[in-house]
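Asks: The structure follows.
Structure representation (structure tokens):
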């Protein structure tokens, strides 16, 4: 028996990321325009880094609160008051080592081996993988795609529910499709969850990237006290902090000890000096986030207008998030196409095969970058597409 074959079947079954595969294939190439991963092109702003460096220099390097330092939990409470028009006491907030860990902890809290969680597809692949690694089962319900637009079919969700279903994972605005639930959509999904006594796991990481203005509709707009909803979020996208790996959970205070225990037995908490940087992000970062959103909107228009003008691409400008999800005439294998595109154009795209059922014919481009760079990427892609 080989060393690898003696490992846990769940670990062995963990899929390779189709996004990371492309990144590893072409990382570091000269002239590369990397639109494949979900991050912008700016480093973390100085006021955030300075707060973390000051805390590090002051010796804030010891074990800390498992649920997050009081200052950060209060800053999160204030942030939701400003941007979601809701006053949530600090007992609702829990700091995690990334948005991904927030999802893992939520999955651990909600499911046991053999349980099921329904999610909308195409989807960021990590939710399905997190469920499968935990011994639960992920059930995809495909969004409908017509005329470049994505929509949810509530009947499809209800059909997927079984006696083993524990909850519904909803990411809106969506990675990768840009689908953004309306307030009516969220109310309908919540009513369905109440009917079947299910949890909702709400990933609202892109809520601020909403191009109609303000923020995207949230389950916070339709829920009542006592509803079974866990929110997961991250500092990565809004404040250019992808490498920091700091996120948070919003959950009923009754879950506090359970979530603290799960944090304790995974990372034992996020480094205090990093949390001080996160406090600065929340307290001082509104202007930076607004600039990031404005840049994304400009780059979205540049990229989508150019691609649509080829008459070879089926897509519309997404309502939210930071991605264009492209269906190109003649592309039947998005993984093969992504490899070919990066070889011939130097533009890195993520293959739709990485995003589960319904994504196979698509390619994802992240447009949270300098509009000048996006214009160059759009020109290269259009030249490639017109030669197919």
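In my numbering, the protein residues as written are 4 to 391. The beta-carbon is built from N, C-alpha and C at its ideal position, and this holds for glycine as well.
1) Identify, in the order they occur along the chain, each residue of the same chain with its Cβ nearer than 6 Å to the Cβ of residue 67, setting aside the five sequence neighbours on each side.
2) For residue 329 and residue 382, I'd like the C-alpha separation in whole angstroms.
3) In the DSSP assignment, find the unbroken beta strand (DSSP E) run with residue 223 in it and report its ends.
4) Shortest alpha-carbon distance to residue 1 belongs to which of 11, 28, 40, 12?
5) Decide if residue 207 is buried, meaning its Cβ has at least 16 other Cβ atoms within 10 Å, or exposed.
6) Does the stretch 290-305 come within contact of the stretch 337-349, defined as at least 3 CB pairs closer than 8 Å?
7) Tell me which residue opens and which closes the beta strand (DSSP E) that residue 236 is part of.
8) Which residue comes first and which comes last in the beta strand (DSSP E) that contains residue 252?
9) Provide the residue span of the alpha helix (DSSP H) that contains residue 191, from first to last.
10) Is it buried or exposed for residue 27, if we count other Cβ within 10 angstroms and need 16 for buried?
11) Just to confirm the assignment, what range does the alpha helix (DSSP H) spanning residue 375 have?
12) How many Å lie between residue 318 and residue 62 at the Cα?
13) Quick check on the DSSP output: the beta strand (DSSP E) that includes residue 147 runs from which residue to which?
14) Count the CB pairs spanning the stretch 108-115 and the stretch 130-137 that are closer than 8 Å, and state whether there are at least three.
15) Can you name the residues that DSSP bridges to residue 37?
Replies: A quick look at the data gives this:
1) To locate residue 67, count along the chain shown from 1; it is residue 64. Scanning its chain for C-beta atoms nearer than 6 Å, with the 5 sequence neighbours on each side dropped, one finds around residue 67 the residues 272, 275, in chain order.
2) Here residue 329 refers to the residue found at position 326 when the chain shown is read from its first residue. Here residue 382 refers to the residue found at position 379 when the chain shown is read from its first residue. Cα to Cα, the separation comes out at about 15 Å.
3) Within the chain shown, the letter at position 220 stands for residue 223. Segment: none, residue 223 is in no beta strand (DSSP E) and carries neither H nor E.
4) Beyond the ends of the chain as shown, which are 4 and 391, falls residue 1; an answer cannot be given.
5) Taking the first residue of the chain shown as position 1, residue 207 is located at position 204. It is buried - the Cβ of residue 207 has at least 16 other Cβ atoms within 10 Å.
6) no
7) As a position in the chain shown, residue 236 is number 233, starting the count at 1. Start and end: 232-237.
8) Within the chain shown, numbered from 1, the residue matching residue 252 stands at position 249. From DSSP, the beta strand (DSSP E) with residue 252 extends over 250-253.
9) Here residue 191 refers to the residue found at position 188 when the chain shown is read from its first residue. Boundaries of the alpha helix (DSSP H) harbouring residue 191: 186-198, taken from the DSSP string.
10) Walking along the chain shown from the start, residue 27 turns up at place 24. By the 10 Å Cβ count, residue 27 comes out exposed.
11) Here residue 375 corresponds to residue number 372 of the chain shown, with the count starting at 1. Where residue 375 is concerned, the enclosing alpha helix (DSSP H) stretches over 374-389.
12) If you number the chain shown from 1, residue 318 lands on position 315. If you number the chain shown from 1, residue 62 lands on position 59. Near 51 Å, if we compare the C-alpha coordinates of residue 62 and residue 318.
13) One-based indexing of the chain shown puts residue 147 at position 144. Counting along the chain, the beta strand (DSSP E) containing residue 147 begins and ends at 147-149.
14) yes
15) Taking the chain shown and counting its residues from 1, one reaches residue 37 at position 34. BP columns for residue 37 point to 351.
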